[in-house]
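Worksheet for the structure shown next.
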Amino acid sequence: MNVRLKRARELAGYAVQLTKDEGLGTMLARGAGFVRRRCFGKKARYLPAKKVLEAQRAEMAGKNFENCQLSTISVLTPLYNTPEVFLRQFLDSFVNQTAPNGELCLADASDAAHSSVGDIVREYQAKYQHIVYKKIENKGIAANTNAAAELASGEYLALADHDDILAPHAMYTMGQAIRQLREAGEPDGFLYSDEALFTKKIEKPLVAHFKPDYAPDYLLCCNYICHLAVFRRELFEQVGGERPECDGSQDHDLFLRLIEQVGGAAHVPQVLYYWRVHEGSTSGGTDAKPYVAKAAKKALADHLERTGRTGTIEDGLYPSTYRVRWDIVGEPKVSILIPNKDHTEDLEKCLQSIWKKTTWDRFEVIVIENNSTDPATFAYYEKARQRYGGLKVVTYPDKGFNFSAINNFGRKAAEGDYLLLLNNDVEVVNGDWLTELLRQCAHPGGAAICGAMLWYPDETIQHAGIVTGLGGYAGHSHKYKKKGGSGYLFRTSTVQDFSGVTGACLLVKTAVYDEMHGLDEQFAVAFNDVDFCLRVRDAGYRIAWTPYAELIHYESKSRGGDEKDPVKAARFAAEQQRLYTIHGKENILDDPYYNPNLTRDREDFSESDDLRRLKEGRVTVRFRGGTLQ
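Residue numbers (this note's numbering): 130 to 758.
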């Protein structure tokens, strides 16, 4: 009962705050969405409303493949002994599209015992003109897909498996997205959508895969793009189609080669594809197809070679994930900046763990003394200098606490190629933590900033990257999640692209720090790291986070916020408003690495209670580039 009461109070507090921030209408709309989801089920929750689909069909009435004014898309599907029920459901999903801009290209490699596959296709061909079919010899998934591509006449190609289902608005939405990209003058060579898993009917999906906008570091760890991918036919032909030597991960390999040509990808946050879960399908995991991992590692290794980067491709922390152990260029020196006021026990634990465990030996530590009042603190500094060779202590000259100003002052004493902002209440876990942070930055095409996995002492997540817009401002990905899981779509267990990482452990190239003129000193306490990262991101640099650098952050879960102190609350509100003023509220609420169909109320990557953009069939698309920086 106490748990329920606590949850009720949290919901009531959230409702009050949401009403203050965004108005009564928004609060009521979200409340209604919450009630619908909790009380009236989730049937067809990712499909547009019937009236939306009807409006699309009405718009396209009397039009055909050639004159519908949408880019034509040829769907490539190899067939192989496809069960009749699966095949008919797939064919029905194509012929019932709301727009006629699709062409279905089927290459049938079924054996003699499954001649009924061709019979069923011919039955549909008799009724629908834009189904093209050819019987072929089975040469593997890549070669069979290439055979389907030879039948295509569309300007674009798409990939679909023979046992899956296209959403009814897939062709319409992709056609409109291509139009939007062209009107905006953005690259239109490669697009992808969100997807959902199902077992029997798409009206009763198991779960959706709500993806970020193009995230190059993430893509090197797993094929998060998957379905539905749409790309220019001329690009497909230019890169030589799919490669048989990568069978099992042929799509991942293709996507990497296409992105090398386009320079990025465009994301459509609509569920346009339904991936069937059944025995033997990769939607249920790769255990059924162990050759997938070998093919994926080849695809990734070849990508590194083509892009002039070096590293070792290894298995990731979970099946179907991978890790690039980048070769670090040169021997960069890292200057570790640690602000400190008294709290010598915390500082000693931090320093001891750095010197005892860190395997990267090119570092210096600069403690920035900030108005300590305990005489024992200064005695500690003298002893620490003797015990930790090379330790520097510099004294911040001003009064009060200003995290930004303190670190900017410490930077003046730094000699490193990289700066590491580090709290004094952290403890190193793994010896290669600093090496792993450097791996993400110190190579051609690396990120400008990298953050680490920070754990609370109870082994729950304190920080796994910053998502802007959570709670209206910014929040930590998967905060409070227990250790041992992979996170939403492997996002706590693979290297990730983020809009920000916490200043409690933030590695940044010194040249980039200086280019940005350091931290903004008007953000004295809150949002200084968020503001800094957004400025770096908006300048065209990448921000990465790695699960392979682990530290314990002794920040108390129960310490409470600043809202109980009127002075601190006023300062927090002012800094919050300044974040909106500088970066724009819509920009803060629209994080490209966080899908708009996910909740902004919590850090757990759960679905939003308000999926109106899906019900309305809202066509939005955004291109992001940056394979190399």
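Every residue gets a Cβ at the ideal spot worked out from N, C-alpha and C, and that includes glycine.
Does the beta-carbon of Gly-152 have 16 or more other beta-carbons within 10 angstroms, so that it is buried, or is it exposed?
-> Note on Gly-152: pLDDT 49, under 50, position unreliable in the model; the coordinate value appears next. Looking at its Cβ environment, which holds fewer than 16 other Cβ atoms inside 10 Å, Gly-152 is exposed.
Is Cys-375 helix, strand or coil when you go by DSSP?
-> helix
Could you tell me which of Tyr-642, Ala-581, His-356 and Thr-675 sits nearest to Ala-337, measuring between CA atoms?
-> His-356
Close-in-space but distant-in-sequence residues of the same chain around Pro-461 (CB under 8 Å, 5 per side omitted) = Arg-491, Gly-545, Asp-546, Tyr-547, Leu-567 and Ala-571
Count the C-beta pairs between the segment 259 to 276 and the segment 221 to 236 that are closer than 8 Å, then say yes if the count reaches three, no if not.
-> yes
Taking just the CA atoms, how far does Leu-383 sit from Asp-554?
-> 45 Å
Output yes or no for whether 8 Å exceeds the beta carbon distance between Val-558 and Val-522.
-> no
With DSSP run on the structure shown, which of helix, strand or coil describes Cys-479?
-> helix
For Gly-283, which residues of its own chain have a beta-carbon under 6 Å away from its beta-carbon, when the five flanking residues on both sides are left out?
-> Thr-201, Ile-202, Ser-203 and Glu-232
State whether the segment 295 to 310 contacts the segment 733 to 744, with contact taken as three or more CB pairs (one from each stretch) at a distance under 8 Å.
-> no
Can you give me the Cβ contacts of Lys-610 inside the same chain, cut-off strictly under 6 Å, excluding the 5 residues immediately before and after it?
-> Ile-590
Paired residues, beta bridge with Lys-521 - DSSP = Ile-495
Ignore the nearest five residues each way along the sequence and tell me which others in Leu-446's own chain have a CB closer than 6 Å to its CB.
-> Ser-622
Rounded to whole angstroms, how far is the Cβ of Val-665 from the Cβ of Ile-595, which I believe are closer than 8 Å?
-> Going by Cβ atoms, the distance from Val-665 to Ile-595 rounds to 12 Å, so no, they are not a contact pair.
Around the Cβ of Arg-167, are there at least 16 other Cβ atoms within 10 angstroms (buried) or fewer (exposed)?
-> Confidence is the limiting factor: at Arg-167 the pLDDT is only 43, short of 50, which leaves the residue's position unreliable, though a coordinate-based value still follows. Classification of Arg-167: exposed, given that the 10 Å Cβ count is below 16.
Backbone CA spacing between Arg-217 and Cys-197 [nearest angstrom] = 26 Å
Starting from the C-beta of His-592, find all residues in its chain whose C-beta is less than 6 Å away, skip the five residues before and the five after it, and write them out in chain order.
-> Leu-583, His-605 and Thr-631
Backbone secondary structure at Val-261 - three-state DSSP | strand
Identify every run of the alpha helix (DSSP H) within the segment 407 to 477, keeping only runs that are complete inside it and at least 4 residues long; order them along the chain.
-> 420 to 435
The alpha helix (DSSP H) with Arg-516 in it runs from where to where?
-> 504 to 516
Simplified DSSP assignment, three categories, for Asp-649 = coil
Euclidean distance between Cα positions of Leu-551 and Phe-339 = 33 Å
Express the C-alpha separation of Asp-342 and Gly-754 in angstroms, rounding to a whole number.
-> 10 Å
Where do the ends of the beta strand (DSSP E) carrying Thr-675 lie?
-> 672 to 682
For Cys-350, which residues does DSSP report across the bridge?
-> BP columns for Cys-350 are empty, so no partner.
Which one of Asn-537, Ser-615 and Gly-519 has the shortest CA to CA distance from Glu-644?
-> Asn-537
Do the CB positions of Asp-240 and Asn-210 come within less than 8 Å of each other?
-> yes
For Asp-527, which residues of its own chain have a beta-carbon under 7 Å away from its beta-carbon, when the five flanking residues on both sides are left out?
-> Ala-534
Selection from Leu-718, Leu-220, Thr-436 and Asn-275 that minimises the alpha carbon distance to Lys-256 | Leu-220
Indicate the three-state DSSP secondary structure (helix, strand or coil) for Tyr-175 in the structure shown.
-> coil
From this set, Leu-320, Thr-564 and Glu-650, which residue's C-alpha is nearest Pro-676's C-alpha?
-> Thr-564
Count the other CB atoms, across all protein chains shown, that sit within 10 Å of the CB of Asp-658; report buried if there are 16 or more and exposed otherwise.
-> buried
Can you list, in chain order, the residues of its chain whose CB lies under 6 Å from that of Thr-328, leaving out five sequence neighbours each side?
-> Val-406
What residue does the beta strand (DSSP E) around Leu-280 start on, and which one ends it?
-> That residue, Leu-280, is in no beta strand (DSSP E); it is neither H nor E in DSSP.
Please check the pair Ala-394 and Phe-319, which I expect to be a contact at CB under 8 Å, by giving their CB distance rounded to whole angstroms.
-> 5 Å
Hey, quick one: how far does the beta strand (DSSP E) through Met-582 stretch, first residue to last?
-> 578 to 584
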